[in-house]
Amino acid sequence: MAVLLFPSVDASYWYPKTTITLAVVLGYLGLVRALRWRRYEEVHRKFAGRIHSLTPAEAQKITHLSSQWDMPALMTIALSFALFKTYAIPSISNLLLRTRQLGSKENVSRRYADTEILISTWVTCPISGKFEFDGPSANGEDFDPRCAIAIARTNWLHSKYDISNDDYLYTLCLFIFEPIDWIARYGWRELSELEKQAYYVFWVEVGRRMGIKDIPESLDDLKRWSMKYEEHYMVPAASNRAVAQFTIDELLCFAPEKYGIKNFLQRIVVCLLETRVRVAMMYEEQPWYLHLLTQGLTQAAAVCQRHCMPPRLAPSLFVKYDTPKSKDGSEPRMHQSRPWYKPRQSGFGALLEQFTVAAGLVREDNVASPRNKWRGYRLEELGPERFEHSGHEETMRIAAELQGCPVTGPWSLRPRPHQHSRSVSASRSSL
Numbered sequence: 001m002a003v004l005l006f007p008s009v010d011a012s013y014w015y016p017k018t019t020i021t022l023a024v025v026l027g028y029l030g031l032v033r034a035l036r037w038r039r040y041e042e043v044h045r046k047f048a049g050r051i052h053s054l055t056p057a058e059a060q061k062i063t064h065l066s067s068q069w070d071m072p073a074l075m076t077i078a079l080s081f082a083l084f085k086t087y088a089i090p091s092i093s094n095l096l097l098r099t100r101q102l103g104s105k106e107n108v109s110r111r112y113a114d115t116e117i118l119i120s121t122w123v124t125c126p127i128s129g130k131f132e133f134d135g136p137s138a139n140g141e142d143f144d145p146r147c148a149i150a151i152a153r154t155n156w157l158h159s160k161y162d163i164s165n166d167d168y169l170y171t172l173c174l175f176i177f178e179p180i181d182w183i184a185r186y187g188w189r190e191l192s193e194l195e196k197q198a199y200y201v202f203w204v205e206v207g208r209r210m211g212i213k214d215i216p217e218s219l220d221d222l223k224r225w226s227m228k229y230e231e232h233y234m235v236p237a238a239s240n241r242a243v244a245q246f247t248i249d250e251l252l253c254f255a256p257e258k259y260g261i262k263n264f265l266q267r268i269v270v271c272l273l274e275t276r277v278r279v280a281m282m283y284e285e286q287p288w289y290l291h292l293l294t295q296g297l298t299q300a301a302a303v304c305q306r307h308c309m310p311p312r313l314a315p316s317l318f319v320k321y322d323t324p325k326s327k328d329g330s331e332p333r334m335h336q337s338r339p340w341y342k343p344r345q346s347g348f349g350a351l352l353e354q355f356t357v358a359a360g361l362v363r364e365d366n367v368a369s370p371r372n373k374w375r376g377y378r379l380e381e382l383g384p385e386r387f388e389h390s391g392h393e394e395t396m397r398i399a400a401e402l403q404g405c406p407v408t409g410p411w412s413l414r415p416r417p418h419q420h421s422r423s424v425s426a427s428r429s430s431l
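Below, the structure written as C-alpha cells:
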C-alpha cells in the first residue's frame, strides 16, 4: 500500500520497517500469551490429581486465581449479580421489603456496602485462619480471624430474621454458579474443572459454617437442585421489582441522569439478566440491538484482555491483608474507596472533593462524611444501624467456635495497644 501511495520511494525503504513492526507486534502478543497462562499452569500443576480431595483452604486459594488475578472485576460483578438474583425470589424480596433493609433508599446503600464487605472478607481472608501453603509462624501473628468474624457477624444478623433453609441454600448456589456462568459468558477464558470444584468446596464450607443444611454432595447435584428451586419459586412479584429497582439505583448512583445516561445503563443491566430473572423482576424485554451492543462490548473486552493485556503484577484485593496501623493505639479500622467507610480527605483531595460536589458532578451523600462512617469499619459492627453497637461479644463467641480458638490480637474486642501491624505479604496470594 505504501509503495502505491508513494511510487517514487524505493520499496526497500518500507519493507524493513514493516517487518520490524510486525515482529514487535507478534513478539508482544507471544509474550502476553506466555505470561497470561503462567499462573494458571502453575496452579494446575500444583493440584493435579487433587480435584476430589481439596481442603477448603486449598480450594479458596484456587478460587483466588480467577477472583484476584485473572478476572477480578468480572468476579466482583458476578458476585454482585448473584446477590441481585436472589431478589427474584418473592420470599426473599418480601423479607427485605418488610424489614426495609433493601426496601428504602436511605437503607439500601449501607446494606449493600456492608454485604459487599462481609462477602469479600469471606472470599479474601483465609477461611482456616492462615493459608495452608505458608510455613509455620514462629509467633502466630499471621493468624487472621477476619473470615471467621465476618461469617459469625452474618450468622448473628441472620438470627434476627425468619429465613428458610432453602432460601439460604439457593443463595449459596448462586455464589457458586453465577461466577462460573459469568466467566463462561464474558471472561477471557473459562474456569477449569479444578476451579469449578474449588468454588464448590470453598462455598460448601462457608455454607456449613453458616448452618445451612442438606447441601447436595456434588456440584452437579447442587446445580440440579438450584434449577428445580428456580422453576418452582422464581415467579413475578411486585416486591421483586421494588427491591431490584432500589438496588439498580444504588449500583448506578454515580451515573448522571442527564441525556438519559442513567436510564441507558439501567437498560444494559436488564440485558445482562437471564429471561427468567427479568420476568420475575417484572422488567420489559430490551430491543435486540441493546443485547447485541452488550454482547459485543463484553466480547471485545474479553478478546482484548486475553490477547493484548499482560497479566496483573499484584492481586486485586477488596480487603487488604495488612492490618491497618493505628497512630493513637486504638483498635484498627478498615476503609473502602466507596462513600461508606471512605476515609476523610485532606489537602488537595479535600479541595477536589468540595469542587466536584459544588459543580454537581458528585452528590453530597457520595463523599466521605461522618454519616458515611469516615472513621472506617470493624466487622463486628456491620449491619443495620440499630444493630451497630449490639452483638459484638456474641459475634466473637461464634467466631471462636468457627475457628476453634478464641479471637485474639487487633481484630478482637480487646486489642493490645502496643501490638504492631501484622502484614500477610501479598506475595502469599501467589501459589
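Residue 1 is where the sequence shown starts when you use UniProt numbering, and the numbers rise one by one after that. Don't be surprised by glycine CBs; every beta carbon is placed ideally from N, CA and C.
Per DSSP, the beta-bridge partners of Y377 are M334. Taking 4 residues as the shortest admissible run, the segment 207–285 contains the following complete alpha helix (DSSP H) segments, listed from N- to C-terminal end: 219–233, 238–251, 261–271 and 275–280. The shortest CA-to-CA distance from Y186 to any of Y40, F47, R306 and E331 is the one to R306.
Measuring C-alpha to C-alpha distances from F177 to each of M227, A152 and K160 identifies M227 as the nearest. A contact between stretches requires three or more CB pairs, one per stretch, nearer than 8 Å, and the segment 390–409 meets this requirement with the segment 146–161. Restricting attention to T18, K85 and P56, the CA atom closest to the CA of V270 is found in K85. In terms of CA proximity to T63, Y199 leads the group T115, I51, E190 and Y199. The residue from W340, Y377, E331 and M75 with its alpha-carbon nearest to that of T408 is E331.
Its Cα nearest to that of Y170, the residue D214 stands out among D214, Y289 and Q403.
In the pairwise beta carbon analysis, the segment 223–241 is classified as touching the segment 86–98: at least three pairs are separated by under 8 Å.
When the beta-carbon positions are compared, P324 and R333 come within less than 8 Å of each other. Closest in alpha carbon position to S164, among Y229, V25, S218 and G347, is Y229.
Between E116 and P16, the alpha-carbon positions lie close to 54 Å from each other. In this model, K262 and E250 are separated by some 11 Å (Cα to Cα).
In the three-state scheme derived from DSSP, where H, G and I count as helix and E and B as strand, A359 is classed as coil. Take the alpha-carbon of Q345 and the one of Y259: they are about 31 Å apart.
Only residues of its own chain outside the window of five on either side were considered, and among them G129 and K130 have a CB closer than 7 Å to the CB of F143, listed in chain order. Non-local beta-carbon contacts of H335 in its own chain, meaning distances under 6 Å to residues more than five positions away in sequence, involve Y341, P343 and G376 in chain order.
Secondary structure at S120: helix, using DSSP grouped into helix, strand and coil.
Here DSSP, grouped into helix, strand and coil, assigns H52 to coil.
Of the other Cβ atoms in all chains shown, fewer than 16 fall within 10 Å of the Cβ of T18; this residue is therefore exposed. Residue N155 holds the alpha-carbon nearest to the alpha-carbon of L118 among N107, N155 and L273. For W156, the enclosing alpha helix (DSSP H) covers residues R146 to H158. With fewer than 16 other CB atoms across the displayed protein chains lying within 10 angstroms of its CB, I20 is exposed. In the three-state DSSP reduction, K342 falls in the coil class, being neither helix nor strand.
The three-state reading of DSSP puts R36 in helix, counting H, G and I together. Across the set S369, C308, M281 and P339, the C-alpha of M281 shows the shortest separation from the C-alpha of V235. The Cβ-Cβ distance between V108 and F264 does not fall below 8 Å.
Collapsing the DSSP output to three states places M71 in coil. In chain order, N366 and N372 place their CB closer than 6 Å to the CB of P339, counting only its own chain and leaving out the 5 sequence neighbours on each side. Sequence-distant Cβ neighbours of F318 in its own chain, meaning closer than 6 Å and more than five residues away, are S120.
Taking the Cα positions, R36 is about 24 Å away from Q295. A straight-line Cα-Cα distance of about 9 Å links S53 and V201. Note on geometry: alpha-carbon atoms of R386 and T55 lie some 38 Å from one another. R267 and S412 have their C-alpha atoms spaced approximately 45 Å apart.
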